[in-house]
Amino acid sequence: MEARPQSSWREIPVDELRRFMGELVADSNLREAGRLIGRGREAVRKFVSGDIETPHERTREAIAKLYQQKYGAGVMRVAETAQPAATATPLKLILPQGVERATTEIRAIFEIVRHHDGEIPESSSALERWLLRKVREEYASEVPFARPRQRKRRKKKGAENHDAQTE
């Protein structure tokens, strides 16, 4: 009897892990997806958007093990399971980073549509409002981390006397 090769987390392609994380983010949010793999939301955002081509070995292992948890035995199992329908990508992964820059981009796109010579669909203004609201909601759902307060540098005792003498 021939031994069947064990499915390892290393066998799962990075593109498949990226697709999986994109679905996870769409189903929850960046912070929750990061918590599940033990990484920060920015690391998740950069991986899903493609800024990080190949994640660190430990990050890849964490994503792959979560993938295996959800889909079973990994790559061998993927071919047997029905693939879920494509989910919507969060707007903040498509548009420029930051709520102000994203809303400016949306307004600029619709301004071009309004100045176009052809007839504008009636739903364009409703679509613009919906996109603007959706972007604000996506950014409002994430609470920014408070930056640690930085203490002022202490001057050395000898430096105070030296400064007084030079003046």
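When we follow the working numbering, the leftmost residue of the sequence shown carries the number 12, and every step to the right adds one. All C-beta atoms in this analysis are idealised placements derived from N, C-alpha and C, irrespective of residue type, glycine included.
Look up residue 23 in the DSSP assignment and say whether it is helix, strand or coil.
Residue 23: coil per DSSP, three-state reduction.
Output needed for residue 65: all residues of its chain with C-beta closer than 7 Å, excluding positions within five of it in sequence on either side, in chain order.
Excluding residues within five positions, the ones whose Cβ falls inside 7 Å are 25.
So which of 123, 149, 162 and 118 has the shortest CA-CA distance to residue 39?
Measuring from the Cα of residue 39, the nearest candidate turns out to be 149.
Please classify residue 45 as buried or exposed, where buried requires at least 16 neighbouring CB atoms within 10 angstroms.
Classification of residue 45: buried, given that the 10 Å Cβ count is 16 or more.
Since residue 51 is in the alpha helix (DSSP H), which residue starts that stretch and which ends it?
Segment: none, residue 51 is in no alpha helix (DSSP H) and carries neither H nor E.
By a C-beta neighbour count over all protein chains shown, 10 Å radius and 16 as the cutoff for buried, is residue 101 buried or exposed?
Looking at its Cβ environment, which holds 16 or more other Cβ atoms inside 10 Å, residue 101 is buried.
State the CB to CB distance for the pair residue 52 and residue 41, rounded to an integer number of angstroms; the pair is presumed to be in contact (CB under 8 Å).
Sure, about 4 Å apart at Cβ, within 8 Å.
Name the residue from 31, 108 and 122 whose alpha carbon lies nearest to the alpha carbon of residue 71.
Nearest C-alpha to residue 71: 31.
What distance in whole Å lies between the Cβ atoms of residue 138 and residue 114, which are believed to be in contact at a cut-off of 8 Å?
Residue 114 to residue 138, Cβ: 14 Å. No contact.
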